[in-house]
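Enquirer: Take a look at the following structure, please.
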Ligand code: NAD
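Numbering (my numbering), first residue to last: 62 to 557.
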């Protein structure tokens, strides 16, 4: 552990909002402390945005959209600016990675190799795509022409969580901006800093003022006014299912804005006794739940292992646990960093208590630790003997806690895997092709992984069934969220 880690000087961060191309304080001058979970230091005073700030940002976005300073550009021109924007992220990679780590606690090596790179890649990919997608002509009778075109939806409100602040923002702003929309982004109050820098870099790349605005603040104070705003055409939300449900209500209560939600998960990972490579299955199961301190919506938090191999599986899994000891995330070799804040740490500890109270067997971890004084850290935790109806198997913990269940029957395990309100992702491990396809089809999840749990690419859709949300991020499908489909009928009086 890195208890003797020197506390590097805190860089100076500008926590003001970015509205209409300018850094501005909240209209009422209020700020809040932005506290680092690494060691409890205050990183910055951040503008505490409210309804008046959201109103100003939406006004700026509306004006920019209506005067077509961005939406009216040829797609090839928007492409060039988006690519310049992506390049600027990479040029500032070290700064952005350090900011992300200080702000939300993930290991700096992943902030740099995963978060900055994925966000830049996403922005580049949508930029590159936008001058390669064609519209349609319908197969109508020859007396008329029906053009089916896509138009930007207008002003897009974006609300994101704290677990992958840059990536979650990029998944939404990149297709929205590439399609010609104007955006107002409200980052999480727990991790607002990189969003503000992204907006500055967008301006530097040539995205005109007013097109991409960022208003930091709390959910009820800045998020709700955005979701309720009568001049916002679309709200794209990533976060908890509890708030996601409110987002759909707010959309309906206001102007029926398009509402898209990427929500929670409790993903099942099913390992059959004929798994082709037990070591790989163990590494993926353990690595995926402990990556990002378990704060991943798609983490395979319910592990179903066929009874005949469970003992061997757990023996291997426990040998890997020491690799995931939490340590100072600012150190280059750390793989498990800090939990985002004390509230989330308390939530994780409450779930660990409930697992013990309800009779699950604690095999590893189960404690909060302090490898860096004043920081928020939890040991990687594994429970065996979990039943699907226990709280730790039903509810999303969003921490490094793996629940292990066992099974003996294929139909039964599929039923158990599906018996949950979420349906984000799932895993299946078997060398039997029929079983792999049959189970993958039967699982109610937006993504099913077969004999791996790590594959990810900007080219594939990401989103959930059931209460894991509505709509898909990533891939060309994401353009569906940020465009309206228009039909234009043209009469043709044939001269011949
Ligand atoms: P959260 O729902 O508490 O907050 C998410 C965002 O919503 C924050 O910006 C917050 O300020 C805002 N918000 C809160 N209350 C609001 C309100 N009343 N009106 C408008 N906005 C409001 O979620 P969180 O704790 O930040 O993030 C964790 C959750 O995000 C987990 O459930 C996780 O599964 C989910 N998540 C899902 C995906 C996905 O793609 N499916 C990806 C990442 C995270």
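Glycine included, each C-beta is placed from N, C-alpha and C at the ideal position.
Computed from a prediction, not measured in an experiment: that's the story for all the values here.
Examine ligand 1 and report whether any of its heavy atoms sits within less than 8 angstroms of the Cβ of residue 291.
Expert: On the chain shown, position 230 is the one that residue 291 refers to. Because no heavy atom of ligand 1 lies under 8 angstroms away, the Cβ of residue 291 does not count as near it: no.
Enquirer: Would residue 161 and residue 226 be called neighbours here (beta carbons separated by less than 9 angstroms)?
Expert: The residue given as residue 161 occupies position 100 in the chain shown. The residue given as residue 226 occupies position 165 in the chain shown. Against a cut-off of 9 angstroms, the Cβ pair of residue 226 and residue 161 comes out as a contact.
Enquirer: If we ignore side chains and look at the alpha-carbon of each, how far apart do residue 98 and residue 403 end up?
Expert: On the chain shown, residue 98 is found 37 positions in, with the first residue counted as 1. On the chain shown, residue 403 is found 342 positions in, with the first residue counted as 1. In a straight line, the C-alpha of residue 98 is about 8 angstroms away from that of residue 403.
Enquirer: Is it buried or exposed, residue 490, if we count other Cβ atoms within 10 angstroms and call 16 or more buried?
Expert: One-based indexing of the chain shown puts residue 490 at position 429. Per the 10 Å Cβ criterion, buried.
Enquirer: Quick test of your reading: residue 365 and residue 343, contact by CB under 8 angstroms. State the CB separation rounded to the nearest angstrom.
Expert: Here residue 365 corresponds to residue number 304 of the chain shown, with the count starting at 1. Here residue 343 corresponds to residue number 282 of the chain shown, with the count starting at 1. So it is not a contact: roughly 14 angstroms between Cβ atoms.
Enquirer: Along the alpha helix (DSSP H) that carries residue 455, what are the first and last residues, could you check?
Expert: Indexing the chain shown from 1 puts residue 455 at position 394. From DSSP, the alpha helix (DSSP H) with residue 455 extends over 452 to 455.
Enquirer: In angstroms, rounded to a whole number, what distance separates the CA positions of residue 75 and residue 261?
Expert: Translated into positions along the chain shown, residue 75 becomes position 14. Translated into positions along the chain shown, residue 261 becomes position 200. Cα to Cα, residue 75 sits roughly 11 angstroms from residue 261.
Enquirer: For residue 176, count neighbouring C-beta atoms within 10 Å of its own C-beta (all shown protein chains included) and say buried if the count is 16 or more, exposed if not.
Expert: Numbered from its first residue, the chain shown carries residue 176 at position 115. It counts as buried.
Enquirer: What do you reckon, are the CB atoms on residue 92 and residue 117 nearer than 9 angstroms?
Expert: In the chain shown, the residue the question calls residue 92 occupies position 31. In the chain shown, the residue the question calls residue 117 occupies position 56. No, the Cβ-Cβ distance between residue 92 and residue 117 is not below 9 angstroms.
Enquirer: Measuring straight from C-alpha to C-alpha, what distance separates residue 143 and residue 506?
Expert: Along the chain shown, read from residue 1 onward, the residue named residue 143 stands at position 82. Along the chain shown, read from residue 1 onward, the residue named residue 506 stands at position 445. So the alpha carbons of these two residues sit roughly 32 angstroms apart.
Enquirer: Report back the beta-carbon spacing between residue 216 and residue 119 to the nearest angstrom; my notes put them in contact at under 8 angstroms.
Expert: One-based indexing of the chain shown puts residue 216 at position 155. One-based indexing of the chain shown puts residue 119 at position 58. With a Cβ gap of about 6 angstroms, residue 216 and residue 119 count as contacting.
Enquirer: State the beta-bridge partners of residue 213 as determined by DSSP.
Expert: Numbered from 1 along the chain shown, position 152 holds the residue referred to as residue 213. Its beta-bridge partners are 544.
Enquirer: From the DSSP output, in three-state form, read off residue 151 for me.
Expert: Walking along the chain shown from the start, residue 151 turns up at place 90. If DSSP states are grouped into helix, strand and coil, residue 151 belongs with the helices.
Enquirer: Would you check if there are 3 or more beta carbon pairs closer than 8 angstroms linking the segment 294 to 308 to the segment 434 to 447?
Expert: Flag = no, the segment 294 to 308 and the segment 434 to 447 do not touch.
Enquirer: Where does residue 193 sit, in a helix, a strand or coil, going by DSSP?
Expert: Locating residue 193 in the chain shown gives position 132, counting from the first residue. Note: residue 193 maps to coil in three-state DSSP.
Enquirer: Ligand 1 and residue 358: does the residue's C-beta get closer than 8 angstroms to at least one heavy atom of that ligand?
Expert: On the chain shown, position 297 is the one that residue 358 refers to. Yes, ligand 1 has a heavy atom inside 8 angstroms of this Cβ.
Enquirer: If you drop the 5 nearest sequence neighbours on each side, which residues of the same chain put their C-beta closer than 7 angstroms to that of residue 526?
Expert: Taking the first residue of the chain shown as 1, we reach residue 526 at position 465. If we look at residue 526 and ignore the five residues flanking it on each side, its Cβ neighbours are 484, 505, 506, 507.
Enquirer: Based on Cα-Cα distance, which residue from 302, 314, 306 lies nearest to residue 289?
Expert: As a working mapping, residue 289 is identified with position 228 in the chain shown. When each option's Cα is compared against that of residue 289, the closest is 314.
Enquirer: Measure the alpha-carbon distance for residue 524 versus residue 555 and round it to whole angstroms.
Expert: Start at 1 with the first residue of the chain shown, and residue 524 comes out as number 463. Start at 1 with the first residue of the chain shown, and residue 555 comes out as number 494. So the alpha carbons of these two residues sit roughly 47 angstroms apart.
Enquirer: Have a look at 183, 190, 211, 201 and flag the residue whose alpha-carbon is nearest the alpha-carbon of residue 229.
Expert: Along the chain shown, read from residue 1 onward, the residue named residue 229 stands at position 168. Among 183, 190, 211, 201, the Cα nearest to that of residue 229 is on 183.
Enquirer: Under 9 angstroms between the Cβ atoms of residue 149 and residue 265?
Expert: In the chain shown, residue 149 corresponds to position 88, counting from 1. In the chain shown, residue 265 corresponds to position 204, counting from 1. Contact flag set, yes.
Enquirer: Would you decide whether residue 534 is buried or exposed? Buried here means 16 or more other CB atoms lie within 10 Å of its CB.
Expert: The sequence position of residue 534 within the chain shown is 473, counting from 1. Looking at its Cβ environment, which holds 16 or more other Cβ atoms inside 10 Å, residue 534 is buried.
Enquirer: For ligand 1, is there a heavy atom less than 8 angstroms away from the beta-carbon of residue 311?
Expert: Taking the first residue of the chain shown as position 1, residue 311 is located at position 250. Yes; taking the cut-off as 8 angstroms, the Cβ of residue 311 has a heavy atom of ligand 1 nearer than that.
Enquirer: Pull up the DSSP beta-bridge partners for residue 462, would you.
Expert: Position 401 of the chain shown, counted from the start, is the residue given in the question as residue 462. DSSP lists 442 as partners of residue 462.
Enquirer: Can you tell me where the alpha helix (DSSP H) with residue 124 in it begins and where it stops?
Expert: Locating residue 124 in the chain shown gives position 63, counting from the first residue. Unbroken alpha helix (DSSP H) run through residue 124: 112 to 127.
Enquirer: Excluding the 5 residues flanking residue 278 on each side, which residues of the same chain have their C-beta closer than 6 angstroms to its C-beta?
Expert: Numbered from 1 along the chain shown, position 217 holds the residue referred to as residue 278. 109, 110.
Enquirer: Should residue 395 go down as buried or exposed, given a rule of 16 or more other Cβ atoms within 10 Å for buried?
Expert: Reading the chain shown from its first residue, position 334 is the one you call residue 395. So residue 395 ends up on the buried side.
Enquirer: According to DSSP, is residue 67 helix, strand or coil?
Expert: Mapped onto the chain shown, residue 67 falls at position 6. Note on residue 67: pLDDT 47, under 50, position unreliable in the model; no value is reported.
Enquirer: Cβ of residue 255 within 8 angstroms of any heavy atom in ligand 1?
Expert: Position 194 of the chain shown, counted from the start, is the residue given in the question as residue 255. For ligand 1, not one heavy atom lies less than 8 angstroms from the Cβ of residue 255.
Enquirer: Report whether the distance from the Cβ of residue 534 to the nearest heavy atom of ligand 1 is below 8 angstroms.
Expert: For the purposes of this step, residue 534 is identified with residue 473 of the chain shown, where counting begins at 1. Checking every heavy atom of ligand 1 against the Cβ of residue 534, one is found closer than 8 angstroms.
Enquirer: From the DSSP output, in three-state form, read off residue 62 for me.
Expert: In the chain shown, the residue the question calls residue 62 occupies position 1. Residue confidence is low: residue 62 scores 40 on pLDDT, short of 50, so the model does not pin down where it sits. Its coordinate-derived value is still stated next. Coil at residue 62, not helix or strand.
Enquirer: What is the DSSP secondary structure of residue 423, counted as helix, strand or coil?
Expert: Counting from 1 along the chain shown, the entry for residue 423 is found at position 362. Three-state DSSP puts residue 423 in a strand.
Enquirer: Quick one: is the Cβ of residue 321 within less than 8 angstroms of any heavy atom of ligand 1?
Expert: Residue numbering aside, residue 321 sits at position 260 when the chain shown is read from its first letter. No, the Cβ of residue 321 stays beyond 8 angstroms of every heavy atom of ligand 1.
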